[in-house]
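Number of protein chains: 8
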Amino acid sequence: HRTGIMEAILAEGKDPDDIVEIAKAQVSATGRVLITRLGKDHRAALEAGFDPEELEWSLHRTLAVVHDGTPAPRTGGVVAIITAGTADIDVAEEARMVANEMGCETIAIYDVGVAGFHRLVGEMLKLQEKKPDSIVVAAGREGTLPTVVSGLVDVPVIGLPVSTGYGAGARGEAALLSMLQSCSVLSVVNIDAGFVAGSFAARIANTVAKARNGDVDRE
Amino acid sequence: HRTGIMEAILAEGKDPDDIVEIAKAQVSATGRVLITRLGKDHRAALEAGFDPEELEWSLHRTLAVVHDGTPAPRTGGVVAIITAGTADIDVAEEARMVANEMGCETIAIYDVGVAGFHRLVGEMLKLQEKKPDSIVVAAGREGTLPTVVSGLVDVPVIGLPVSTGYGAGARGEAALLSMLQSCSVLSVVNIDAGFVAGSFAARIANTVAKARNGDVDRE
Amino acid sequence: HRTGIMEAILAEGKDPDDIVEIAKAQVSATGRVLITRLGKDHRAALEAGFDPEELEWSLHRTLAVVHDGTPAPRTGGVVAIITAGTADIDVAEEARMVANEMGCETIAIYDVGVAGFHRLVGEMLKLQEKKPDSIVVAAGREGTLPTVVSGLVDVPVIGLPVSTGYGAGARGEAALLSMLQSCSVLSVVNIDAGFVAGSFAARIANTVAKARNGDVDRE
Amino acid sequence: HRTGIMEAILAEGKDPDDIVEIAKAQVSATGRVLITRLGKDHRAALEAGFDPEELEWSLHRTLAVVHDGTPAPRTGGVVAIITAGTADIDVAEEARMVANEMGCETIAIYDVGVAGFHRLVGEMLKLQEKKPDSIVVAAGREGTLPTVVSGLVDVPVIGLPVSTGYGAGARGEAALLSMLQSCSVLSVVNIDAGFVAGSFAARIANTVAKARNGDVDRE
Amino acid sequence: HRTGIMEAILAEGKDPDDIVEIAKAQVSATGRVLITRLGKDHRAALEAGFDPEELEWSLHRTLAVVHDGTPAPRTGGVVAIITAGTADIDVAEEARMVANEMGCETIAIYDVGVAGFHRLVGEMLKLQEKKPDSIVVAAGREGTLPTVVSGLVDVPVIGLPVSTGYGAGARGEAALLSMLQSCSVLSVVNIDAGFVAGSFAARIANTVAKARNGDVDRE
Amino acid sequence: HRTGIMEAILAEGKDPDDIVEIAKAQVSATGRVLITRLGKDHRAALEAGFDPEELEWSLHRTLAVVHDGTPAPRTGGVVAIITAGTADIDVAEEARMVANEMGCETIAIYDVGVAGFHRLVGEMLKLQEKKPDSIVVAAGREGTLPTVVSGLVDVPVIGLPVSTGYGAGARGEAALLSMLQSCSVLSVVNIDAGFVAGSFAARIANTVAKARNGDVDRE
Amino acid sequence: HRTGIMEAILAEGKDPDDIVEIAKAQVSATGRVLITRLGKDHRAALEAGFDPEELEWSLHRTLAVVHDGTPAPRTGGVVAIITAGTADIDVAEEARMVANEMGCETIAIYDVGVAGFHRLVGEMLKLQEKKPDSIVVAAGREGTLPTVVSGLVDVPVIGLPVSTGYGAGARGEAALLSMLQSCSVLSVVNIDAGFVAGSFAARIANTVAKARNGDVDRE
Amino acid sequence: HRTGIMEAILAEGKDPDDIVEIAKAQVSATGRVLITRLGKDHRAALEAGFDPEELEWSLHRTLAVVHDGTPAPRTGGVVAIITAGTADIDVAEEARMVANEMGCETIAIYDVGVAGFHRLVGEMLKLQEKKPDSIVVAAGREGTLPTVVSGLVDVPVIGLPVSTGYGAGARGEAALLSMLQSCSVLSVVNIDAGFVAGSFAARIANTVAKARNGDVDRE
Ligand SMILES: Nc1ncnc2c1ncn2[C@@H]1O[C@H](COP(=O)(O)O)[C@@H](O)[C@H]1O
Ligand SMILES: Nc1ncnc2c1ncn2[C@@H]1O[C@H](COP(=O)(O)O)[C@@H](O)[C@H]1O
Ligand SMILES: Nc1ncnc2c1ncn2[C@@H]1O[C@H](COP(=O)(O)O)[C@@H](O)[C@H]1O
Ligand SMILES: Nc1ncnc2c1ncn2[C@@H]1O[C@H](COP(=O)(O)O)[C@@H](O)[C@H]1O
Ligand SMILES: [Mg+2]
Ligand SMILES: [Mg+2]
Ligand SMILES: [Mg+2]
Ligand SMILES: [Mg+2]
Ligand SMILES: [Mg+2]
Ligand SMILES: [Mg+2]
Ligand SMILES: [Mg+2]
Ligand SMILES: [Mg+2]
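Which chain is which? The protein sequence lines are Z, D, H, V, Y, E, S and R, in order. Here the first sequence is numbered in this note's numbering, starting from 201 and rising by one per residue. Here the second sequence is numbered in this note's numbering, starting from 201 and rising by one per residue. Here the third sequence is numbered in this note's numbering, starting from 201 and rising by one per residue. Here the fourth sequence is numbered in this note's numbering, starting from 201 and rising by one per residue. Here the fifth sequence is numbered in this note's numbering, starting from 201 and rising by one per residue. Here the sixth sequence is numbered in this note's numbering, starting from 201 and rising by one per residue. Here the seventh sequence is numbered in this note's numbering, starting from 201 and rising by one per residue. Here the eighth sequence is numbered in this note's numbering, starting from 201 and rising by one per residue.
Written out as structure tokens, the structure is:
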């Protein structure tokens, strides 16, 4: 773990049976393992290869954690994940599940849109009561939402561009560029890089949690 | 004028003395002429070559109308021009002065920012009382403002990307792409194309004004 | 509807049965719903799920309106849609059906080519008699047609680039860039963005229609 | 001359005095030499270094031929050069002067615009009476003119994109791409490559002239 | 035929049965019709729908001419088509068959490589004896061959980039750019645009042939 | 301050005298003001307009804080800024001074190179003793350093690409892309966006400091 | 063999049966032939068409050498091939098998990662004992490894970017650009161009081996 | 020197007096120092600050070595540097002087063109008699020369793209891409990266020289 990035299994491009085998090996070694970018066949193989209570699924079942009852670690960090639309949810779930495996409590606020500004302000007020330590905001097409959210809160906001849209600036390009050009306090990760966004948000939240827990003394 | 685009003098790259000469010829032919993209030397030459009352200047004196007292035509059309920041004003003034020469009353609302959403909503409420027929919204960097404005009003909104910013997506590229990817009802013109934006907005406003004036009968 | 953009169902990437279900829910709520980017399977599911008289189809059946007899609203606005070739028709139909749902009468002039200039002039003369309030011009490859049309008429023209062609500038890129660089009075939407073009054209037409109907008083 | 491209002196980036010296050497060797891309200082140096009758200038004096009275060769080939606007003239003159030095009679039709289609048709009718063997059409911004010309004539048309315009597709990019995507019979050269366009047009014209003169027998 | 481009049927994306039907209609109208970009199914449909003697095939059967015995016109023009490799042949055949339908005799020299310079010089010497009026040179990857050929012959050479290669500059991009940057006398068409290259080469050859035949008198 | 971004004066493109005037106004309002991207003339004007003890300079005097004795706020947050080379220092100083004005103690470790891995490991060990809450790593050309640093520490690392280098991937493009593609836990800001990097790092550090100080209670 | 590049059969896009036939012809002519980019069907055809002892496979069986017992030539050159991850192996195997066919002993060090710097240093120390004459380093995503390796050894290092990754800079683009911008002594080949990398590395190694063997005398 | 790249002073962007001072310090430390990318003022400062015999200049005096009589090391390696045109010489000289400082004998063959193939073959025959260990080939515009040279010799050839040309593919882009797409055995460095090309070529040559001198024993 020298680079500090969580190990996970990237299912995309791998044989479904191999996934089950790798997952079994990993679970017996560490108790839990996250598997990302599952297709239909991977899903079926996991359902055949494991008992239902050994599996935790993401919202659209494009990710899963396989475990032997070992719970995820708990650091006390809190990460919020917000999406502009429903098309952004799979990428957002990647961020959420990684953050969870890295020990954070996660708060998912999906499909707040950009249109209903008043609804958004309301959601942000409710969110701030839950005191997140960091926030990932996923958005495709023109990628406005992270800019707006960062202007409404005080905690670090990470922009996560999603590969939606067609024509010029499609597949997340406009979203990435407009986040990089944003006038708000914002850092970004690559298009569809939910894994990195979740890891980075969890690293922030865990640093904050440690401070809250007095682990870092600074006399 | 078969393409329906207004004639104007582009000062950029031309000799200051030539500008004065061309302007004189044009004024004696048509009474008025718009000159765009003026540098310091062009400005000085115009001030030396014409009486103050023969000149109408844009806000930062990067455009001028030279005239012999002939007023601009009045169609009854109303065009609003909004900018996100102060860096967008010169390009916005190009749109405003073209629309004015094409016969429209113009309303300039500059530097409303994107941060102060409540201020923006207030400005838009005031604007709607003035019943503009079309709105040009100039914005650089991430170019969010036209999207937001189009969600708040009912009249046609034209996005005008401005060549500000540095790094990836700089010089108006992110702004143009995010306007093209916008989820709102929006059409766009090229980066810094204040002239086209103003002409197009005026064409809409003039079409509306004609209808208002009953020039178009449709029994 | 705060952003003022019409709600429609994007079929692309969705399950045919889900489409039928969503459409049924929407129709019972609002009487009518537009569905875009239909594939073969979506088409079959709609034909199985609804009576023929509940369905209005686009020219190549890539869009459909499902309704319970409720007619589309009528504002009095008039939108024309022109295409350069036959390959541009599906994107043009998107613009046409959106404009229709937004209350406008629509006039489709498809496949006028760029070659036969005399035929084009003739078509434009006939079109002007029908007094459209705005015109969408769809064109792929080098995207010349909107420039030419805007030079022949007085109403606002919206360029709609279409993703045809191969090699450098393919998939609508040359068309988009040449519309952005056009010397005519032209605003543009993104490549294949028939939905936005139709919405924007309808917004213009509805603004004009309101003026024509005296809804906007300006004493 | 193995590549068959004419030798000429590229002034850009060279010392004015060196230009005079190189030109003198070349003239005493071959009687004539073409110098391209002259700046103000190059111009002054040529005027100081040669008698007026030793110099032939292009329209805006950005090219010159220096000679000792030796006339340019005459092959009988005829090349026409057309420009859309005045900004395209310097690049067009490069094509014209190269074609002249390569032995062709040249016909310059500058600034025909794209707007006035009827004027263009008239010009093309007049041009066809002069029976050009090939035509170079220079155009910037959206680069429409070569497509239109090629649809009106029967001889080979070469598109020459010019580096005008700003924003997306600027500096000739849109012009080049739209010529490459053109639906007409058209070949192109690089942006601002008047030298290549003129050479290529002259090669065509000289091939035709040879055939006309019976030099190529094919029994 | 106002644009002067040959009519042909583009099979790509069309139904095989429709192709047969369109071809039948066209043949009974004009005697012959060219069909381009045939897939396996189109090929089978043509073989089922026509007698063998009604069909002329390209080298790899990706194009076909359907005819009722009417021969192609003969103008006396001569067009040569050269390819660097075997991967360039299908695109080259497009050029060759168009030129043939436009009345030209065609000479195909395929797969000369760039390696064997001496073999190339030999082929060019043999070619010059056949006195082609224009030459199309198709090349992918780095696209060197047209530059080399143009340096060895006196007739107009058209560079035809082909979409081969992977990595940076792949799919014909490096080939197109290096032809545009070439130091030889060269004009180019778009990537894979064999149709345009053949039409343009035929237009040159037909212009030369007319001169040879004395059709153009210039006293 | 709704977007939470610090106000500062961007000197680039402004008149030196105006800078002094704006700075004076700001200082009398808030006690301190940061000025970024100073040129030679701006520097001279500041030196003439203020007493030396009213000015705090960055390392190369491309930024300055003007103040009336009011100290910067102190939050207890700690931000480290690391650069790969000396060419990255000006951009890094932007990050450092913003973080300082936002209340953080800053630790600058400049020019650690990428070559001397052992030296880097040593520097990181020393750095971790100082317990930074977040780290900005500036790097140009191939931009490797942030990836390496993030693999050696546990706190959040922000990659800051710098516009150095020539050729393909120049001006920070390769650095930005390789940070976005990094296999480490890393978020990034735009090229040369030291201001955003510093603001974001300070927001993290201030969130951590608040937790350390017990300001956030979460029972 | 005038260009000095090894002949091999590219299976991609070819019929499996044709591959067997071409391979048989080649083997009977030269004793051995390398086949690259094999798919499943090609693999099956080779296994059906040849005896197991006639086949040498690459690690993942995406390449094969077919032979009649003729051994590969031996020059004494030594080429090492290193990969950052497992996804880079197929491209690396292309380099390794070409180098082997060109007469070199090859040393494969796969999946050393970039994280474990100490493991990497250890591997490089072991490698240097084997005295490679040149080293190919394959890496995807941000492509850091070749830069690091070149800083640790004295022999020529060739960077081989691999088309992995998603988002901005994906498919090897960031890897290629960061290798081109590298501060180390490094030359590069195109993305996925294992064949060229192996050929180039073998050419170096063979030049060194010749010198070692005293074939090059230089008195 | 962990990365194995030679230290040199990059003059570009540095103060002329600073250059002299840094050079003096370096010379007294190591006896010699290479300074690259000199402008006019740097040149004058060096001439004022050092005796003529302390300076070795490149062909156009854009590089210099300052020394105290200490000769460059001699390894016995031999590097050849070839350019296509005269515009490529400054970049080639960078490669040549670095290779010289790294201990190699250098052979410069400048301006061989691409046109005169026979002259090129002649030059290559003469070159091979001098038995270079590696060859750098600099070329701009379409960058053909390295491909051709690599096909004529047996030693490693490094392509060095040069930033010449205008239009599409300008500033070395077409040259870089066509070298990356080359069908020959070729590795490349970045555009204008003479420093890297020379270092890499010298590393090859020094590896060969060591083998020749028996320094590497391999029993
Ligand atoms: N969705 C993902 N995005 C980026 N990296 C991932 C993702 N899923 C897994 N990884 C990481 O990718 C690396 C390679 O995964 P694998 O190919 O399964 O060995 C591991 O370090 C994983 O932690
Ligand atoms: N405007 C131009 N565009 C392209 N090539 C040119 C131009 N002017 C001269 N040349 C050619 O550029 C080459 C180098 O010119 P020079 O640098 O003057 O030796 C010669 O082959 C000239 O014929
Ligand atoms: N391979 C081709 N490349 C470019 N244009 C073609 C090709 N084949 C046919 N065409 C032309 O494309 C136009 C549309 O063809 P179609 O879709 O068959 O009506 C006609 O003008 C054809 O002449
Ligand atoms: N022309 C050049 N191209 C690339 N690197 C260079 C060049 N000249 C010097 N360098 C290197 O650039 C680095 C920084 O140089 P400096 O800024 O002078 O310390 C040193 O490693 C030099 O060896
Ligand atoms: Mg979005
Ligand atoms: Mg903005
Ligand atoms: Mg079109
Ligand atoms: Mg034009
Ligand atoms: Mg090729
Ligand atoms: Mg760096
Ligand atoms: Mg890698
Ligand atoms: Mg070259």
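Every residue, glycine too, gets a C-beta built ideally from N, C-alpha and C.
Is it buried or exposed, residue i, if we count other Cβ atoms within 10 angstroms and call 16 or more buried?
i: VAL265/Z; result: buried
i: PRO273/D; result: exposed
i: ASP217/S; result: exposed
i: ASP333/H; result: buried
i: PRO252/E; result: exposed
i: GLU212/D; result: exposed
Are residue i and residue j close, meaning C-beta to C-beta below 9 Å?
i: ILE219/S; j: VAL279/S; result: no
i: LEU376/V; j: ILE391/V; result: yes
i: GLY231/Z; j: GLY285/Z; result: no
i: ALA368/Z; j: GLU342/Z; result: no
May I ask you to report which of helix, strand or coil DSSP gives residue i?
i: HIS242/Y; result: helix
i: THR286/R; result: helix
i: HIS318/D; result: helix
i: GLY414/S; result: coil
i: PRO356/S; result: coil
i: GLU221/D; result: helix
i: ILE404/Y; result: helix
Under 6 Å Cβ to Cβ from residue i, same chain only, skipping five residues before and after it: list those, please.
i: THR262/R; result: LEU238 and ASP290
i: GLU305/V; result: VAL278
i: GLN193/E; result: Coverage of chain E is limited to positions 201 through 419, which leaves residue 193/E absent and any answer about it impossible.
i: PHE395/V; result: GLU294 and VAL298
Once the 5 residues before and after residue i are set aside, which same chain residues still bring their CB inside 7 Å of it?
i: VAL353/D; result: MET324, GLN328 and ILE335
i: THR275/R; result: GLY303, CYS304, ASN406 and ALA409
i: ARG296/R; result: ILE281, THR306, ALA308 and GLY398
Under 8 Å Cβ to Cβ from residue i, same chain only, skipping five residues before and after it: list those, please.
i: ALA287/Z; result: GLY340, VAL362 and THR364
i: ALA245/D; result: PRO216, ASP217, ILE219 and VAL220
Kindly identify the DSSP beta-bridge partner or partners of residue i.
i: HIS267/D; result: ARG232/D
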